[in-house]
Every structure is written in C-alpha cells, then in structure tokens.
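Mapping of the sequence shown onto the numbering used here: residues 18 to 300, in sequence order.
Structure first, then comments.
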Amino acid sequence: MNLFSKIKELFSKSDDLKEIEKNLLLADFDYELTQNLLEIVKKFPKEQREEKLRQTLSNLIIIDENPIIENKLNVILIAGVNGVGKTTAISKLANFYLNKNKTILLAAADTYRAAAIEQLSHWADRLKIDLVKQKQGADPAAVVFDAIDKSIGNNKSKYDILIIDTAGRLQNKEELMQQLQKINKVIDKKKTQSLDLINCKSILIIDATLGKNSITQAEIFHKMIHLDAFALTKLDSTAKGGAIFTISHKLNLPLAFISFGEKIENYMDSSAPEFKETILNKI
C-alpha cells in the first residue's frame, strides 16, 4: 500500500492528525516539512484534507524548466553516489532524446571504476551512439575536455547533447569534490572559448529507496557543485517517498526526470503532463 492509500484510509477512519504525522515521518518526510503540511491540512474540513495534502505535495514538486537549446551543445553532468543507478539513468535519458531525434555523445568520466566505463560502453553500443572514454585511472577532466573537443568544431556543435557520467565515491569527499570542480572548470573554460555555444546543466541522481540518506547526499553534492536539478531512480521499489519532497523543499531543486523499472522505456521526463501525478501515485 502506498503512502496516499494509507493516508486516505486514515482520513476515512479518524480525524487524528497524530496518525497522519506518524505515517509522514515513517515515509521519510523530515520533521519540519511534516509540521508545515499538518498546519496546512488542519485548516480544512476532514473531507477535504486528503485532497489538500495531495495538492500541497504536488505544488512542492518543482518542474525542471531548463530545456534543451537548439544549435548549442547541451552538456548534462550526471552526479550521484555509486549504486544509485546512474548508468541506467543515463541510458534512459539518452534513449529519451534519441527518440526526439537528438544527436547524443556520452563521456565516461567515472574513470575510477572499470565497470562504470564498461557499462557505459555497453549502452553506447546498444543505442548506437558515440562515446568518449579513456583507460581506468585517467583524469576525469581530461575525458570531459576530449568530449567537448569532439563535440564542437567550426563554431558549431556537432551534437545536440553531451551526457557526462561522473564518479560518486562519498567515502573520499575531498577527492571527489576536487574532481567535480575540475570538470566544471573545464566545461566553463570551453564554454568561454566556444563563444557561448555550450548550455550546461548538472543533475544529481537519487535512489528513491534510500529515504533520508538521499537528503544528506543531495546536500553534500549541492555544496560540491551547484546542482541544477535532481532525478529519481527505482521509484517502483519504494513507498518511502518523503525525501523527494524534503529535497525540493530544502534545496529548492527542480526534478528533471524519474526512472522506474528495468526497461529502457521506464522513464518519464518532467515535461510529461502526468509527471506529478505519477510521482504521487508511486510513493
């Protein structure tokens, strides 16, 4: 039973907001946000409270409105800890834009793990898209440098989108921060050199099953690099979706896309009309 099924049942049986509070906290809403939500719903009659809560949560989801810009190289930097499904998310994101007739280049800048390079190579082969990679242990910023060099020539972009995979070893935050900042410097320098032919966006991949841990991850990465948005993976596996709203509420970050299921088509972009409803139905 998902969160809203439980809440609907609770509202139908009782007017006890303590039970609603308990279920919100169990679903990994943080305390401050939970209290804010309760303050809102208690102003309404019992029969309106469930719908008012749903509407309020829907409003908390910020839609990513940073579009792909035509005639530019749209650089999408993908960040996130190991194990959250970054590579699969990248493949789904690439497939989504391929179906919109966009040209895609992938960059394997997670050079710490050989498996990360191999996984991205697999998806590049399967989707028949180009990939820039180097050997394990190479400088991630050098991979990004090569990828942007490959993408731009004669004052125009050869690709619509460059998607960059990055490392996510939070156990060594200082090294990771240095890597990500170095990558950002390369992108910024190339952007200046290319006469503003580059449009940049950084997206943090969050595993929806991790609950409150994902809030900590978002805060850490947001301090390391300025995040433009976040995305959710494994949304089919959890009923603890409160962290999603806490991230939006605390960090004011838009949600770019969601991923659910193993098929490459199990992806929904924030531009979809049913985007918010789908999230509310899955948590």
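Glycine included, every Cβ here is placed at the ideal spot set by N, Cα and C.
Counting only runs of 4+ residues, the alpha helix (DSSP H) found wholly inside the segment 241–273 occupies 259–268, in chain order.
Shown here, residue 300 sits in coil according to DSSP, grouped into three states, outside any helix or strand. Take the alpha-carbon of residue 141 and the one of residue 49: they are about 43 angstroms apart. Note on geometry: alpha-carbon atoms of residue 86 and residue 300 lie some 32 angstroms from one another. Under the 10 Å beta carbon count, residue 154 is surrounded by fewer than 16 other beta carbons and is classified as exposed.
In terms of Cβ geometry, residue 98 and residue 187 form a close pair [threshold 8 angstroms]. Cα atoms of residue 184 and residue 287: separation of roughly 25 angstroms, rounded to the nearest angstrom. The beta-carbon distance between residue 89 and residue 214, rounded to whole angstroms, is 6 angstroms. This is short enough to meet the 8 angstroms contact definition.
The segment 230–245 and the segment 204–213 do not touch, with fewer than three beta-carbon pairs separated by less than 8 angstroms.
By a beta-carbon distance limit of 8 angstroms, residue 222 contacts residue 106. Their separation comes to about 5 angstroms. Restricting attention to 275, 113, 149, the CA atom closest to the CA of residue 224 is found in 275. Here residue 103 carries a helix assignment [DSSP, helix/strand/coil]. Straight-line measurement puts the Cα of residue 268 at about 13 angstroms from the Cα of residue 47.
Residue 156 holds the alpha-carbon nearest to the alpha-carbon of residue 192 among 109, 156, 182, 173. Scanning its chain for C-beta atoms nearer than 7 angstroms, with the 5 sequence neighbours on each side dropped, one finds around residue 58 the residues 66, 69, 70, in chain order.
Beta bridge pairing from DSSP links residue 285 with 275.
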